[in-house]
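Q: Before I ask anything, here is the structure I am working with.
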Amino acid sequence: MARNARGRWLVVAIPYFWLLALFLAPFLIVFKISLSQDAIAQPPYFPTFDLSEGWDVFREAFGELSFENYGYVLSWDNEFLEAYGSSLWIAGISTLLLLMAGYPIAYAMARAPKSIRPTLLMLVILPFWTSFLIRVYAWIGILSPEGLLNQLLIALGIISPDAPLQILATDWAVYIGIVYSYLPFMILPLYSALEKMDDTLLEAAADLGCTPIAAFWKITWPLSLPGVFAGCLLCFIPAVGEFVIPDLLGGSDTLMIGKVLWTEFSVNRSWTVSSAVAVLLLLVLVVPIVFYQNVQAREVEAR
Amino acid sequence: MSTGVTATTQKTVGGIRRKFAPWNDPAAVPLIRYQNVTKRFGDFVAIDNLNLDIYEREFFALLGPSGCGKTTLMRMLAGFEEPTSGQITLAGQDLVGTPPYKRQTNMMFQSYALFPHMSVWDNIAFGLKQDGMSKDAIAARVEEMLKLVKLEKFSKRKPHQMSGGQRQRVALARSLAKRPKVLLLDEPLGALDKKLREETQFELMDIQMELGMTFLIVTHDQEEAMTVADRIAVMNHGKLIQVDQPAVIYEQPNSRYVADFVGDVNIIEARIEATGSGTSTLRAEAAGDMPLTVHQEVASRPGDTVFIAIRPEKVRVDLDPPTEQGANCLPGTVWDIGYLGDLSIYHVELANGSRIKAAKPNLTRMVERPISWDDKVWVSWSADAGVLLTS
């Protein structure tokens, strides 16, 4: 019995250890830096906790921590609040576009003959075989004024060669980039929700007088909602903090918090402010993450 | 094999009260008509040029092994399958091409197909809302249905919070709520255990009587079909083999297939020696020198091979030769005994090595039965017990 209990403890301890080492410890470090002040030093902030100078110095260092950086980030005089808002907006619109693009694909996959479903699933995952960065770079080649899209539209005579579409370096390019990159994360949870749906439910709805369209909205859609929530949150949460796509495809006026954080860290060399930005971003995202957990728990319960 | 009621099944089985028998009334107009219906899935012929009439207020059972086409036949009436050729009419209206949501049929699905995200109340109200009924009328009808299936207290539950038997009732209430012209039941009791199934069979019959509706049930369980149905259609390979009342199907099967599928049966291959004036005399290898008599004429000539079908409960087994006049009587040895509690089934080996089953009710509480393994016994049956089958 005792051995069994110890074994069980060990099994539980392993994931907790990883969470502690890979999530909680780094977070505490970032949080501590966010409470520090900038300094021209190595590392570029103070205080630093150093036990070599004795306990008293160590304790004193605590007194020098402050929430000053948070006040700076949350002030209307700076662009951070605007960047948070803009990030949430862009992520929200992108998630909506992702849902509109992903749902029909997932639906078609779930309705496809059983024999070809694994192939379709593989095709959805296939882009992961190439580096994410390279795929985003490829979109520059497609969207730029002399890029493939404009060449095609000019060749088809839809637009004149003098006025190519200006998509690159706009918010539209960011939307396209996010929708393209995150589509598998939308399709997979939707597909898994739609695929396990019992077809006889639709027969029953038809039998009771539902047209196919009514049956979709009364049966298929509500039953796929757990997948819709999962897909939306899986896309929304990382999209808010997205840095690569707005940096490569967006314009100079595309304001996203990931980009701002990067500028603060590498250009302004302010570790402390960028840490505060990161901690606040985490707080903003805790709300949808908790919501997502709740949805998942409810889905498990319903089974 | 012709479909419908054949000539041989009409003449016998006296004493059955025929209060409800529209199929015998030439003036009666069928509610459902399948006319020359064929259904192919690729090369596979699921329904083969089939004709069938079902009458209003009838409880009609489609019985057969899996893959015989009974479910396809029902799904074509619901509109989930379209016939490859032929016509299906409901109350004189041609159904072919009408989508399921416009048909006045409702189906109770084998899996129940309850909507998991809706309460019992909403499940039952679903079809009524589609019809645009007023809120009050819907509420009244749902309450009535809940009462009918005795689930008044469960209206707010979700399907996953209910037992299999309760879900079955919700499914029944939902399919009955719209008062369809025909209720289709696809193996409705298959998921219930034996006791609950038997209870529910009688409830189904009560509900059908109470509502005066036409029920069409698909089942592979012959006991279920015999219990609930006014008429049974025994199917095989997309054809109707025999369509008649349960007692006729059992006592006057028209073929070895029906005799064997419905209930237990002994089949003895025999040659005709003489046939006429209501009696046939036969010779069978299983009977040795003894001639066998069956009170039935057949169209076959002397020397032709026919089959005698005898139900085990109509075969007697005794230690002494029976004294009854005119009975068919053969000696044999008890090969095996199956004790079922209410009955014992004696497997008796005859002189030529073939076996015959005799069911004997256990009328006393004796633990030691007088007939035991390897006993020399006599099996006998009256000339009225057997049925001559030519196919």
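Chains W and X, in that order, give the protein sequences.
My numbering puts the first sequence at residues 10 to 312.
My numbering puts the second sequence at residues 27 to 417.
Where is the CB? At the ideal position from N, CA and C, for every residue including glycine.
Just to confirm the assignment, what range does the alpha helix (DSSP H) spanning residue 241/W have?
A: Unbroken alpha helix (DSSP H) run through residue 241/W: 230-249.
Q: Could you please tell me which residues of the region 222-254 of chain W, in chain order, have their CB closer than 9 angstroms to any CB of chain X?
A: Here the close residues are 223, 224, 227, 228, 231, 232 and 234.
Q: Does DSSP put residue 58/W in a helix, a strand or coil?
A: Residue 58/W falls in the coil class under three-state DSSP.
Q: Strictly below 7 angstroms CB to CB, what residues from chain C border residue 157/X?
A: Considering every chain present, this structure includes no chain C. Its protein chains are W and X.
Q: Classify residue 135/W: buried if its beta carbon has 16 or more other beta carbons within 10 angstroms, exposed otherwise.
A: exposed
Q: So who's on the other strand from residue 266/X, going by DSSP bridges?
A: 261/X
Q: Assign residue 391/X to one of three DSSP states: helix, strand, or coil.
A: coil
Q: What do you get for residue 120/W, buried or exposed, if any count of 16 or more other CB atoms within 10 angstroms of its CB means buried?
A: exposed
Q: So, at 6 angstroms on beta carbons, what are the nonlocal neighbours of residue 233/W in its own chain, with the 5 sequence-adjacent residues on each side left out?
A: 202 and 203
Q: Which class does residue 127/X belong to by DSSP, given the choice of helix, strand or coil?
A: Under the three-state reduction of DSSP output, residue 127/X falls in the helix class.
Q: What residue range does the beta strand (DSSP E) around residue 333/X cover?
A: 331-336
Q: If you draw a straight line from the alpha carbon of residue 263/W to that of residue 276/W, how long is it in whole angstroms?
A: Computed Cα separation, rounded: 17 angstroms.
Q: Taking the C-alpha atoms as reference points, what is the distance between residue 352/X and residue 368/X?
A: 29 angstroms
Q: Looking at the C-beta of residue 365/X, does it have a partner C-beta in chain W at a distance below 9 angstroms?
A: no
Q: Which residues in the same chain have their Cβ closer than 6 angstroms to the Cβ of residue 34/X, if we skip the five residues on either side of it in sequence?
A: Confidence at residue 34/X is low in this model, with a pLDDT of 35, below 50, so its placement is unreliable and no value can be given for it.
Q: Answer with yes or no whether the minimum CB distance from residue 174/X to chain W is below 9 angstroms.
A: no
Q: Near residue 124/X, what residues of its chain come up, given a Cβ to Cβ distance below 7 angstroms and the 5 sequence neighbours on each side ignored?
A: The answer, listed in chain order, is 105.
Q: Do we get a CB-CB distance below 9 angstroms when we pair residue 204/W with the residues of chain X?
A: no
Q: Shorter than 9 angstroms from the beta carbon of residue 210/W to some beta carbon of chain X?
A: yes
Q: If residue 326/X and residue 298/X are in contact, beta carbons under 8 angstroms, what's the gap, nearest whole angstrom?
A: The pair is a contact, with the Cβ atoms about 5 angstroms apart (cut-off 8 angstroms).
Q: Can you tell which of 254/X, 180/X, 132/X and 51/X has the C-alpha that lies nearest to the C-alpha of residue 204/X?
A: Between residue 204/X and the set 254/X, 180/X, 132/X and 51/X, the nearest pair of CA atoms involves 132/X.
Q: In angstroms, rounded to a whole number, what distance separates the CA positions of residue 15/W and residue 304/W?
A: 33 angstroms
Q: List the residues of chain W whose Cβ lies closer than 7 angstroms to the Cβ of residue 127/X, in chain order.
A: 215, 218, 219 and 220
Q: With DSSP run on the structure shown, which of helix, strand or coil describes residue 79/W?
A: Three-state result, residue 79/W: helix.
Q: Measure from the C-beta of residue 78/X to each C-beta in chain W and report whether the shortest distance is under 9 angstroms.
A: no
Q: So residue 266/X and residue 273/X are supposed to be a Cβ contact under 8 angstroms. How far apart are they, rounded?
A: Not a contact, Cβ separation roughly 18 angstroms.
Q: Please list, in chain order, all residues of the same chain as residue 191/W whose beta carbon is under 7 angstroms from its beta carbon, the five residues on each side excluded.
A: 107, 244 and 248
Q: Exposed or buried, residue 202/X, counting other C-beta atoms within 10 Å across all chains shown (16 or more means buried)?
A: buried
Q: Can you give me the C-alpha to C-alpha distance between residue 252/W and residue 213/X, rounded to a whole angstrom?
A: Residue 213/X has its alpha-carbon roughly 58 angstroms from the corresponding atom of residue 252/W.
Q: Name the one or two DSSP bridge partners that residue 161/X has.
A: Its beta-bridge partners do not exist; DSSP assigns none.
Q: Distance cutoff 9 angstroms, beta carbons only. Does residue 200/X sit that close to anything in chain W?
A: yes
Q: Cβ of residue 288/X within 9 angstroms of Cβ of residue 89/X?
A: yes
Q: Can you check whether the CB of residue 361/X is closer than 9 angstroms to the CB of residue 381/X?
A: yes
Q: Under a CB-based cut-off of 9 angstroms, is residue 142/X close to chain W?
A: yes
Q: Taking the alpha-carbon positions, what's the residue 95/X to residue 78/X distance?
A: Residue 95/X and residue 78/X: Cα-Cα distance of roughly 14 angstroms.
Q: Give the residues of chain W in contact with residue 207/X, contact being defined as C-beta atoms less than 7 angstroms apart.
A: Chain W residues near residue 207/X: none, gap ~13 angstroms exceeds 7 angstroms.
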